[in-house]
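Read left to right, the sequence shown gives residues 1 to 1016 (the working numbering).
Glycine is no exception: its CB is placed at the ideal position from the N, C-alpha and C atoms.
Note that the structure is predicted; figures quoted are calculated from it, not measured.
A short worksheet on the structure shown next.
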Amino acid sequence: MSQSKQQVYRLNTGGRIDRSRTLSFTFNGQRYQGHPGDTLASALLANGVDIVNRSFKYSRPRGIVAAGAEEPNAIVQLGSSEAAQVPNVRATQQALYDGLTASSTNGWPNVQRDLMGLFGKLGGQFMPPGFYYKTFMAPASMWLTYEKYIRKAAGLGRSPMEADPDNYDHFNQHCDVLVVGAGAAGLAAALAAARSGARVMVADEQEEMGGSLLASRETLEGKPADQWVARVLDELASCENVTLLPRTTANGYHDHNFVTLHERRTEHLGDTAPVENGHRQVRARLHRVRAGQVILSTGAHERPLVYAGNDVPGNLLAGAVSTYIRRYGVAPGRKLVLSTSNDYGYRAALDWKEAGCEVVAIVDAREAPVGDWVDTARAQGIKIITGSAVIEAKGSNRVTAARVAKIDIDAFKVTGPVQELACDTIASSGGYSPVIHLASHTGARPTWRDDILGFVPGLVKGVQACGGANGCYALGDVLAEGVEAGIKAAAAMGHAVQTVTLPSAERLQQGPAVALFQVPHEEPTLRGPKQFVDLQNDVTAAGIELATREGFESIEHIKRYTAMGFGTDQGKLGNINGMAIAARCLNRSIPEVGTTVFRPNYTPVTFGAIVGRHCRDLFDPERYTALHQWHVERGAEFEDVGQWKRPWYYPQKVNGKTETMHEAVARECLAVREKVGILDASTLGKIDIQGPDAREFLARIYTNKWEKLAVGKCRYGLMCKDDGMVTDDGVTSCLAENHFLMTTTTGGAAAILEWLELWHQTEWPELDVYFSSVTDHWATMTITGPEARKLLAEISDLDLDRDSFKFMDWRSGKVAGVPARVFRISFTGELTFEINVQANYAMHVWQTLFKHGEKYGLTPYGTETMHVLRAEKGFIIVGQETDGSVTPEDLGMQWCVGYDKPYSWIGKRALTRSDTKRENRKQLVGLRPKDPKVILEEGAQIVLDPKHAIPMPMVGHVTSSYYSPILDSGFALAVVKGGHQKLGETVYLPMADGQTHEAEIVSTIFYDPKGERQHV
């Protein structure tokens, strides 16, 4: 690693940095120094680092342009270790800390000498917009090869290859007033709302609150503006009703004033969050805020001028130059040329001169600029060239000169001779664009204002914009707008208004700005040097003009064709210029062309902040039944079903050896078929449904009828989506005339409850019916097998006679002295009783069953055995026999569809479509391997002719396959095209190892086809 270098561009005085301390950091393997209060960007500029990255498409050298969130070039990779890697961090927003390690995201072998830059320089003219689409579409077989190299050349940064060591969290918060942005307007609004008693939250993305006032030339009450900032922040910090959130970006604005805030809590302290009292602190926090009123005081971004070579390092925004000088004590060069179309740009030249550096010239596009700052520049002897602009920046790795000429903005042409001014820095200002991104997230369309040459936010109920975000830039007016917004917001929330005395601000005289979005060049746009509009995505003015020539007229289409406003930039600097260029080419006005749609996130948010604590062990909750500990103690192996841990099988030791799964499942299956088994079925979804219209609702949700289901009876039902495809199944029982208990699949319980609520609330709100999840309330123990009745009779007061307690009945009574609901339903085809008790009593009932069941050979079995037993009977499992493309009729379950119900039900219309009536649809069948020892692979493809040339026509696949100990053979369920008409035919299953298995299509019921055993 190279030794540290001197901060050659650090001023001797000034700035808000702490010069008493020195911080060491590394960039691209080179060690540098900075100070507390620096950003990585200001420290790089102080150390004379010109090239911070290579551009996205052409690999051109790029330097720092801005000083805030709008920075398009200085996108860096952070992290001194693999686990600490963070991509796509803006150097302008990353606070400097000791030991910071950063690198450029592009450039090979390094950012100074990038080989891809040669391709960009030599072949750039052959890579216009749409280049990839036009060039790499043929031959189609080569696309995967093309894609590999295109992706390798593209991208910004990389993901870490090791686990993130940090913690993140989420806060859900409410407030009366949320103020986004803590510049002059935001602080004034927060102060007014806070004094009125409103609960106020203030979020600002910078390390310090104060916005542009932290680097302002202007004064308040005759004193530096940052003193007023300090007083206001002290007052707000002392208010119990105010929450201040620096380093916090409002990254998304959603419906009903729901705003997400990304707070970078410890990212300014190190690669990873510090450890305090043995606990690692939170690195970032996502606040999910529901605000009564929102005040957008997000300010405005300065627009750069679009001229040839405007991407060469040393081209900066005028406002950024002032910020680096006044806030960070850094002059990013020695000789400045300023190109501006407005008075605000003059501040950069004045600050530059005050810093002791040379202002070569101010180049003003206006013919006769007037105003206080213009007068000050003249009084200081600064050369002002009017009616002109910088038409081209010269230089490769750093600006060496500015080419200046007279221009005619309306005619879009150069009208005078070109003079070349030697310089190392060019600052430009094309005016300001209000930050409308957040307001646009709500879908509100912005409005163009000719007086400010920018769009202002379209507003929805409960939101106000003030200050720069509203197109107001004079400091006194900004403060007044802020106070007014704060008072209105507090009043809207019912608080008494308190007056706020505004500090006096100097009223500066300013001349009107001129609309200059693209500077003309001697050469036509399509033939001249590149003029960059979107620096992050390498979008040029020529690219936009070409897009319009190729027929793209919608700004959204132009955006997608050229990539303008894509990526992490979101069009912060380039979009207005790009729209103006498109408008000129299309001979339209800017408001006619309109804006692109801005979407969350405003700036990148780490996955850690989005995930919060929902990772590692908390990524998905593990749910346990009330009997879980018993299963653990008996050595059960578990499988995940939804969020539940379900016993998979119970291996036992036999002759000193632990059973394999195959052996354990075979033993459990035979125990159920020959004696009695017990299953913990508590995980089945259970939804309590009540209300006068419950029956009708069930009939609309299920495919079959429910009007005549009597109290004490149960019925199996299928549920379809509105496309007619099976989505769930289960048994619903009638507990009382208007009271039902629905069971669902374990994994589908939450989704089905949401499905019921969706249809009730949006489609059938007139139905008087209510739903409650009771899955966790009831523990379910299924005893099944020939001895089940004898066992239950010993511990129950129920009449279990087959004629008084029939199949598909339910009864209430006591089991082991505990109130219970007992259902006589079966998923095994055997005599079965499902015992439901309040979950807290489950262990007592379970242990009592085993105490009495020993003499009957009571055997616990898991989900694998359950699968074998149900498949032997041809019972489906939704999600295994179905895949979202299977109808009830495909399953051979026409008996479960009530086409003659008096009203429509979900999926009915879809089931009448010609496609769902096709004879060659995949239909559920059984498969019996010709070799009984073969167990077919689940998912194996089925063909009719194994000798057919590859690719073979596939007619279906295996959905379930097992070994049956009662049949002593393998068997399977499958879906086969036209399968219901192919019983008895032979099909083939080619395997990856070269084998081909033969199987006969048979009925789906392999055991007890008449169903006699479950009716005993």
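Since residue 390 and residue 428 are thought to touch, with beta carbons under 8 angstroms apart, how far apart are those beta carbons, to the nearest angstrom? Contact between residue 390 and residue 428 holds: CB atoms are separated by about 7 angstroms, below the 8 angstroms threshold.
Throw me the rounded Cβ distance for the residue 650 and residue 965 pair, which I believe falls under 8 angstroms. Incorrect: roughly 15 angstroms between the Cβ atoms, too far for contact.
Check whether residue 496 and residue 292 have beta carbons under 8 angstroms apart: No; because the gap between Cβ atoms is not below 8 angstroms, this pair is not in contact.
According to DSSP, is residue 684 helix, strand or coil? DSSP places residue 684 in coil when its eight states are reduced to three.
Check whether the segment 634-652 and the segment 784-791 are in contact - that is, three or more C-beta pairs closer than 8 angstroms. No, the segment 634-652 does not touch the segment 784-791.
Would you call residue 895 buried or exposed, if buried means 16 or more other Cβ atoms sit within 10 Å of its Cβ? By the 10 Å Cβ count, residue 895 comes out exposed.
For residue 524, which three-state DSSP category applies? In this structure, residue 524 counts as coil in the three-state DSSP scheme.
Straight-line CA distance for residue 620 to residue 610? C-alpha separation (whole angstroms): 15 angstroms.
Can you confirm whether the segment 386-402 touches the segment 300-308 when touching is taken to mean that 3 or more C-beta pairs between the two stretches lie within less than 8 angstroms? Below 8 angstroms, enough C-beta pairs join the segment 300-308 and the segment 386-402 to call them touching: three or more.
Could you check where the beta strand (DSSP E) with residue 955 kicks off and where it finishes? Element bounds for residue 955: 954-964.
Going by DSSP in three states, residue 53 sits in which element: helix, strand or coil? Residue 53 carries a strand assignment under DSSP once its states are collapsed to helix, strand and coil.
Roughly how many whole angstroms lie between the Cα atoms of residue 544 and residue 581? Annotation: residue 544 to residue 581 spans about 7 angstroms, alpha carbon to alpha carbon.
Take the Cβ of residue 958 as the centre, count every other Cβ of all protein chains shown within 10 Å, and call the residue buried at 16 or more, exposed below. By the neighbour-count definition (other C-beta atoms within 10 Å, threshold 16), residue 958 is a buried residue.
Please list the segments of the beta strand (DSSP E) lying wholly inside the segment 525-608, counting only runs of 3 or more residues, in order along the chain. With a minimum length of 3 residues, the unbroken runs of beta strand (DSSP E) contained wholly in the segment 525-608 fall at 532-534.
Is residue 487 near the ligand FMN, in the sense that its beta carbon is under 7 angstroms from a heavy atom of that ligand? No copy of the ligand FMN occurs in the structure displayed, which carries no ligand at all.
Does residue 840 come out as helix, strand or coil in the three-state DSSP assignment? Residue state, collapsed to three classes: helix.
6 angstroms CB neighbourhood of residue 80 in its chain, flanking five on each side removed: The residues 101, 271, in chain order, have a CB closer than 6 angstroms to that of residue 80 in the same chain once the five nearest residues on each side in sequence are set aside.
Identify the continuous alpha helix (DSSP H) that holds residue 648 and give its terminal residues. Unbroken run through residue 648 is the beta strand (DSSP E), 644-649; no alpha helix (DSSP H).
Three-way DSSP call (helix, strand, coil) for residue 209 in this model: DSSP places residue 209 in coil when its eight states are reduced to three.
How is residue 716 classed by DSSP in three states: helix, strand or coil? Three-state result, residue 716: strand.
Residue 822 to residue 845, Cα distance in whole Å? For residue 822 and residue 845, the distance between alpha carbons rounds to 13 angstroms.
For the beta strand (DSSP E) that residue 661 lies in, which residues bound it at each end? Looking at the DSSP string, residue 661 is not in any beta strand (DSSP E); the run it does join, the alpha helix (DSSP H), is 661-674.
Could you check if residue 146 is buried or exposed, using at least 16 other CB atoms within 10 Å of its CB as the buried criterion? So residue 146 counts as exposed.
Comparing alpha-carbon positions, which option in 115, 385, 365, 329 lies nearest residue 1058? No information on residue 1058 is available, as it lies outside the stretch 1 to 1016 that the chain covers here.
Rounded straight-line distance, which links the Cα of residue 483 to that of residue 368: As the crow flies, the alpha-carbon of residue 368 is around 36 angstroms from that of residue 483.
In whole angstroms, give me the CA-to-CA distance for residue 301 and residue 407. One C-alpha to the other measures close to 25 angstroms.
Limits of the alpha helix (DSSP H) - the one that residue 328 falls within: For residue 328, the uninterrupted alpha helix (DSSP H) segment begins and ends at 318-328.
Where the alpha helix (DSSP H) containing residue 701 begins and where it ends: That run of the alpha helix (DSSP H) goes 694-701.
Please report how far the alpha carbon of residue 549 lies from the alpha carbon of residue 587, in whole angstroms. Each residue's alpha carbon lies about 12 angstroms from the other.
Assuming contact is defined by CB atoms lying nearer than 8 angstroms, are residue 453 and residue 365 in contact in what I supplied? Between residue 453 and residue 365, the CB-CB gap reaches or exceeds 8 angstroms.
Quick check: the segment 717-731 against the segment 644-661, are there 3 or more CB pairs under 8 angstroms? Contact annotation: the segment 717-731 does not touch the segment 644-661, with fewer than three C-beta pairs closer than 8 angstroms.
Contact under 8 angstroms by Cβ, residue 744 with residue 752: Yes. Within cutoff.
Helix, strand or coil at residue 477 according to DSSP, with G and I counted as helix: In the structure shown, residue 477 sits in a helix (DSSP, three-state: H, G or I).
Under the three-state reduction of DSSP, which class applies to residue 742: helix, strand or coil? When DSSP states are grouped into helix, strand and coil, residue 742 belongs to the strand group.
Extent of the continuous beta strand (DSSP E) to which residue 346 belongs: Not the beta strand (DSSP E): residue 346 falls in the alpha helix (DSSP H), residues 346-354.
Counting along the chain, where does the alpha helix (DSSP H) carrying residue 790 start and finish? Unbroken alpha helix (DSSP H) run through residue 790: 788-795.
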